[in-house]
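Structure, as structure tokens:
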Amino acid sequence: MQLKIMPKKKHFSAGRVPLILFLCQMISALDVPLDLVQPPTITQQSPKDYIIDPRENIVIQCEAKGKPPPSFSWTRNGTHFDIDKDPLVTMKPGSGTLVINIMSEGKAETYEGVYQCTARNERGAAISNNIVVRPSRSPLWTKERLESIILHNGQSLVLPCRPPIGLPPAIIFWMDNSFQRLPQSERVSQGLNGDLYFSNVLPEDTREDYICYARFNHTQTIQQKQPISLKVISVDELNDTIAANLSDTEFYGAKPGKERPPTFLTPQGTESRKEELRGNVLSLECIAEGLPTPIIYWIKEDGTLPVNRTFYQNFKKTLQITQVSEADSGNYQCIAKNTLGAVHHTISVTVKAAPYWISAPQNLVLSPGENGTLICRANGNPKPRIGWLTNGVPVEIAPDDPSRKIDGDTIIFSNVQERSSAVYQCNASNEYGYLLANAFVNVLAEPPRILTSANILYQVIANRPALLDCAFFGSPLPTIEWFKGTKGSALHEDIYVLHDNGTLEIPVAQKDSTGTYTCVARNKLGMAKNEVHLEIKDPTRIIKQPEYAVVQRGSKVSFECKVKHDDTLIPTIMWLKDNGELPNDERFSVDKDHLVVTDVSDDDGGMYTCAANTTLDSVSASAVLRVVDVPNPPFDLELTNQLDKGVQLSWTPGDDNNSPITKFIIEYEDAMHEAGIWHHQTEVSGTQTTAQLTLSPYVNYSFRVMAENSIGRSVPSEASEQYLTKAAEPDQNPTAVEGLGTEPDNLVITWKPLNGFESNGPGLQYKVSWRQKDGDDEWTSVVVANVSKYIVSGTPTFVPYLIKVQALNDVGFAPEPAAVMGHSGEDLPMVAPGNVRVNVVNSTLAEVHWDPVPLKSVRGHLQGYRIYYWKAQSSSKRNRRHIEKKILTFQGNKTHGMLPGLQPYSHYVLNVRVVNGKGEGPASTDRGFHTPEGVPSAPSSLKIVNPTLDSLTLEWDPPSHPNGVLTEYTLRYQPINSTHELGPLVDLKIPANKTRWTLNHLNFSTRYKFYFYAQTSVGSGSQITEEAITTVDEAMASRQVDIATQGWFIGLMCAVALLILILLIVCFIRRNKGGKYPVKEKEDAHADPEIQPMKEDDGTFGEYSDAEDHKPLKKGSRTPSDRTVKKEDSDDSLVDYGEGVNGQFNEDGSFIGQYSGKKEKEPAEGNESSEAPSPVNAMNSFV
């Protein structure tokens, strides 16, 4: 009977990885309870090849278990080792471990040999491996005289190391006298044998301290070879040195180091062989010399290199394959290649194998009368031999056992009895090594016992495997059954997995898997059972993971990590940086869900991981932090290819600080003309490190470069060296050349001078030339310097001239400039416009016509015509006062224009003058005209006084702008009841000479609304409104409650007052939105349907400032809100409107300014004024 027993498990959680480990333990170990009789088992021993430190005591381990406890003995070199006869050798109590005290006396070499331990009790004997004990050795280099080496540049070289043979082999490396490792590269490298190979030497290889070191790790010692001196010189130096040092100098290489194809330094020839043992690391090496330095490539003939086990070392000169197997045998080819050729070398690899187990023998526990087998199968190359021993004695000479039969690698047992108990050894060996395994046969009769502790609580994460242990023992082998709950039936393998070792596996544990499980073990000698408990927990999850972040250096970054977990588990949250602990820095702070890093630096970049761990599971999430910043400034600026008008600038980019450089900005300084001022030169792509710059002559250049990325621009680099370009003639002339006269008899020539950068050389001057355009005169020229203006005197008035300004310096002239036209000075016009005619269009608009003056009389650039007009008298008022003249200018050669904004029912006077660049000409004869009547403005005020029970008295002031003769007033009124409904409307006509009127027979205690306006013969003007209440009858009032003292009334009045205040604010804002033209009331006072009135105080047009601006015009309104005159109402469009001194008209004459400007005081009649509506009137008009 075979018995497999699972080892005891201490962990209570379950998962896939623990399952794998558990199964491995089940297969590789077999435990019998130590309270039962059993043969010895070796549990610990020293390695087969045991290298010791000769400076310490020798300890050779041998530990074993068994019942009864085993006794120990040793052999040395195949014979019994009597430890009692050697006072330096002792055995640890209860153990077979030997301790050889060589610290006090004795030598390690004395105890060198092959040791084997035997552990024995009444049931058998187990033996250890043959333990070969050897002391480590670190010998010195033999004394040798090393000659200096002199080579020509480019030759190959091998510096031999030849380290002493130690135990274990030394680790080789090359250093200098300062214990600094010598740099290695594709050109210079160390071989597997320790030699230092140079594919070709360079002058920088010259040194006197090439030293090979051998480090012996076992004894922690380093041995040093004598320094080797190397000097690399040219061919001429080599010849001189040969003559001077021929007697005591070793020379390598007879030929100069010219370029040559590769040849191999190691291995030699075209083919070689390599043998390696299975499981080791296969190392293949090819080192070649040549000039240029060869590159090494590797291939496997008739196959491919294993992907996950192939590595390259030593700049690809060494090919390594780990865990090599027989399948890796074959031909490997290394190829050395440079620009002059290639060379191949083939290495034939054979993989041998020391014995390795296919099936090692396992311990057998059988009950009396049972059968069983021990199997020992091994493989190797060559095939290993299998030998059996029993209790340490070859089975051929051991006592016979009738229950035992040997068949090659198998021992068959049948009908065993207690005397069949023994320990068997299997030995598999070939020329490369051996394997030794102990396996006992123990004949017992034991009822079942369960080795797992009772009532273990297993906690498992939902949806993961759950493994419930039931380690057992019994002979014969017990059967195992599992039950859930107290009344459940046996669990079957349709849902569960029942392992041979007694473990119950629930592949996917769910919440309903929670409960109590019972394991029952039975054999013919009895039964045993055990209960365990299972709880299923919710998995830990990260519901808010940290996110990838890109931040600028010096700023702050925050990573968030929110974890959800089972309520009965307490998680621990840990933050890691690059899989290590966070830096111990106060800039890193962690609270419940966040990691915050302040003042981020470059070193803070990396991967940050949030790890949440419970006793059952762990989860993690990572995010990368990329720290960026503006680039570091470029450096190492260099000027090359220096030409008269060009230079090449090169630089080395600074660190881009994790944000790629997108462009470089190049600036220059002209130290000769503008020291300290930097100008933009050009920009180049961020991938360039050179720029070809175009330069100007006679400039002392310095350059600097700035790098720019997505974060920003670097600080400027250090300035380059200065570069002074040669002088040359100017390549451009002054710009903005003009010729204008400031007086009637001069011509002022001006230009924009060249700056020092544009001068191209010393002695910058200007050649100024001029002549009359309409004539045959020769050019007149002068040369001036340090000025930008030249005045030509004695010129005729307003004559066209051709002008040129040419730059020159000490080297020569700039290209011939193009001539520009100018004029000599202007004089005032001599003739006034004639035949001035006025056509009155309506009460606010008049059209003026005139004849143009002769162009020759203008004596300058014709700028236009200017109309002066003023109100001389009024038909309704005779008092005189000083008024201001108003001015409109009409640009160009116009012969008519419109005068808008006139006052109705007024007398105006005007004259016309021509205008040039010098000023105005004489005025034309004054022409007068009258404007017809219009509709009046609203009455200036309206007040209700002396209210009685049935009467109200109205008082008012006449309109401020009657715009004609008032014919009468119209009063309309109507009552308003308590629900704010309006009653019937009553019309009343009042004579024009009245300013007071009393209304009788009104209802007492009634509110009335009044509408009041004036009229002329043209029509009605704008109305003014007011409300008033008749008084209350005293008898009735005595019966009424005074509502003024009621709280609801007071609150209502406060709300009304607040609403009125808000509306007033809105009203004022909207009335004033039109800027300079808030004259809605004035406009409403006129009945002319076409033209708006012009304010008399400043001559500007009025403009609506409320929401009615965009409503359709009502009957009686004047000009549309967009201030245009309808074509059908006037024969003249706005192209005929002029402009004030400060006003402007568009090309089509439309008005875009104000009619104000130059004013002249003259007497006039009338005292009209424009008055803005008062806040009181505005409030009184609100219903």
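Residue numbers 19 to 1201, in the working numbering, belong to the letters of the sequence shown in order. Using N, Cα and C, we set each Cβ at its ideal position, and we do this for glycine too.
For M848, the secondary structure class from DSSP, reduced to helix, strand or coil, is coil. The secondary-structure analysis by DSSP pairs Q79 with nothing; it has no beta-bridge partner.
For S91, the enclosing beta strand (DSSP E) begins and ends at 89–94. Annotated three-state conformation of C1085 is helix, per DSSP.
When DSSP reads this structure, N718 sits in a beta bridge with L742. For E739, the CB contacts under 7 Å within the same chain, skipping 5 residues up- and downstream, are L657 in chain order.
Within the model, the alpha-carbon separation for N75 versus V618 is close to 55 Å.
Using a Cβ-Cβ distance cut-off of 8 Å, the region 397–417 and the region 366–384 are in contact, since at least three pairs of beta carbons, one from each stretch, lie closer than that value. Under the three-state reduction of DSSP, P221 is assigned to helix. For K874, the enclosing alpha helix (DSSP H) starts and ends at 873–876.
In the structure shown, M545 falls within a strand segment according to DSSP collapsed to helix, strand and coil.
With fewer than 16 other beta carbons inside 10 angstroms of its own, H1019 counts as exposed. The DSSP assignment places 328–331, 336–339, 348–356, 359–377, 382–384, 390–393, 395–399 as complete runs of the beta strand (DSSP E) inside the region 324–406, in order along the chain (cut-off: 3 residues).
Each residue's CA atom was taken as its position, placing D611 and E553 some 28 Å apart. A Cβ-Cβ contact shorter than 9 Å links Y923 with N981. Annotated three-state conformation of S1023 is coil, per DSSP. E776 and T753 have their alpha carbons spaced roughly 12 Å apart. Counting along the chain, V646 sits inside the beta strand (DSSP E) bounded by residues 636–646. Taking a cut-off of 8 Å for Cβ pairs, the region 875–890 and the region 902–909 touch, as three or more such pairs fall below it. Secondary structure of F99 (DSSP, three-state): coil. By the Cβ rule, the region 58–71 counts as touching the region 150–162, because three or more pairs are nearer than 8 Å.
Y923 sits in coil when the DSSP states are folded into three classes, being neither helix nor strand.
The continuous beta strand (DSSP E) containing L169 extends over residues 167–170. In this model, I994 and T1024 are separated by some 7 Å (Cα to Cα). Rounded to whole angstroms, the separation of the alpha carbons of Q477 and D584 is 12 Å. When the Cα atoms are used, K243 and W192 turn out to be separated by approximately 10 Å.
Using a Cβ-Cβ distance cut-off of 8 Å, the region 228–241 and the region 171–185 are in contact, since at least three pairs of beta carbons, one from each stretch, lie closer than that value. Judged by beta-carbon spacing, R141 lies beyond the 9 Å limit of P51, meaning their Cβ atoms are not closer than that value. Counting only runs of at least 3 residues, the region 442–491 fully encloses the following beta strand (DSSP E) elements, listed from N- to C-terminal order: 451–461, 464–468, 474–479, 484–486. If you look at K423, you'll find it in the beta strand (DSSP E) that goes 422–425. Ranked by how close their Cα comes to the Cα of F197, the residues I229, S576, M690 have I229 in first place. The straight-line gap separating the alpha-carbon atoms of R163 and L643 is approximately 58 Å. Bounds of the beta strand (DSSP E) holding F682 are 681–688. Take the alpha-carbon of T336 and the one of Y315: they are about 10 Å apart. Annotated three-state conformation of T311 is coil, per DSSP. In the three-state DSSP reduction, R278 falls in the strand class (E or B).
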